[in-house]
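**Q** Input: one structure, supplied below.
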Amino acid sequence: TQLLEQSPQFLSIQEGENLTVYCNSSSVFSSLQWYRQEPGEGPVLLVTVVTGGEVKKLKRLTFQFGDARKDSSLHITAAQPGDTGLYLCAGARQAGTALIFGKGTTLSVSS
Amino acid sequence: KAGVTQTPRYLIKTRGQQVTLSCSPISGHRSVSWYQQTPGQGLQFLFEYFSETQRNKGNFPGRFSGRQFSNSRSEMNVSTLELGDSALYLCASSLGLGGGGYEQYFGPGTRLTVT
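Protein sequences, first through last, are from chains A and B.
With my numbering, you'll find the first sequence wraps up at 787, consecutive numbering, no jumps.
With my numbering, you'll find the second sequence wraps up at 149, consecutive numbering, no jumps.
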């Protein structure tokens, strides 16, 4: 059983569209991170959220941590081809424990 | 400053052999974590080292082992390779333990193919 479930698994959209990726769990996490990975490279951290209900914005990307700290979402406004990649959420059950990764959402944005 | 480096980048081995992968963290980072990434299972945590001590361990068989040196460089070893060990092995370094909210910086990975 995957502790962090990401949906959708694949997403193919046109440039300019909006999209939302979800990361859900039945467990509480002390913090949750979002990464983006491009082919041939390691994941790169986009954001860390630690407070229930927290919303963080990174240009066209908006990240939200659920009030109960069991889920998170990533919303991209006006997607661009440069947003193409594998988006991964990762959470820590508590400080000092290992990060648990979801299986990821593969996003393809075509022009 | 220089990022996380992993060597080698690509490796082809035969079943039953053993392999050692190397990771050099960002200068000043004391934590090194190892992950296995496959299309079917995604990123799975192998182990984490901090100041030369294994602090966390994932659910992998004993064939997977690692160590960290005093300069924070880390190696992982896989003995008696199986076809299912074919994967991208990623190393990540951070200032503190990975679950503490510290940013993890990943290397480009080592692509291991077992034939």
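No residue lacks a Cβ here, since even glycine has one placed at the ideal position from N, Cα and C.
Source: prediction; values computed, not measured.
Determine the burial state of A/D743: buried for a count of at least 16 other Cβ atoms within 10 Å of its Cβ, exposed for fewer.
**A** That one is exposed.
**Q** Apart from the five residues on each side of it in sequence, which residues of its chain come closer than 8 angstroms, Cβ to Cβ, to A/L721?
**A** Q709, W710, Y711
**Q** Taking only runs of the beta strand (DSSP E) that begin and end inside the region 685-731 of chain A, which ones reach a length of at least 3 residues, in chain order?
**A** 686-690, 695-700, 707-713, 720-725
**Q** Buried or exposed: where does B/P59 fall if 16 or more other Cβ atoms within 10 Å of its Cβ makes it buried?
**A** buried
**Q** Would you please state the rounded distance, in angstroms, between the beta carbons of B/Y79 and A/A774? I believe it to be under 8 angstroms.
**A** Note that residue 79 of chain B is Phe in the sequence shown here, rather than Tyr. Yes, B/F79 and A/A774 are in contact; Cβ-Cβ is about 5 angstroms, under 8 angstroms.
**Q** I need the DSSP call for A/D759, collapsed to helix, strand or coil.
**A** helix
**Q** Closest Cβ-Cβ distance between B/P95 and chain A: below 9 angstroms?
**A** no
**Q** For the beta strand (DSSP E) holding B/K47, just list the boundary residues, first then last.
**A** DSSP places B/K47 inside the beta strand (DSSP E), whose first and last residues are 44-47.
**Q** Does DSSP put B/L117 in a helix, in a strand, or in coil?
**A** It is helical.
**Q** How close, in whole Å, do the beta carbons of A/V723 and A/L734 come, if the pair is a contact with beta carbons under 8 angstroms?
**A** 6 angstroms
**Q** Please list the partners that B/F140 has in chain A, where partner means a Cβ-to-Cβ separation under 9 angstroms.
**A** Y711, Q713, E717, G718, P719, V720, L721
**Q** Please report the distance separating the alpha-carbon of B/L144 from that of B/S56.
**A** The identity of residue 144 of chain B in the sequence shown is Thr, whereas the question assumes Leu. If I take the Cα positions, the gap works out to 9 angstroms.
**Q** Going straight from the alpha carbon of B/T39 to that of B/G76, what length do you get?
**A** 21 angstroms
**Q** Whose Cβ in chain B lies nearer than 8 angstroms to the Cβ of A/F777?
**A** Within 8 angstroms of the CB of A/F777, the CB atoms of chain B belong to Y69, G76, L77, Q78, F79, in sequence order along the chain.
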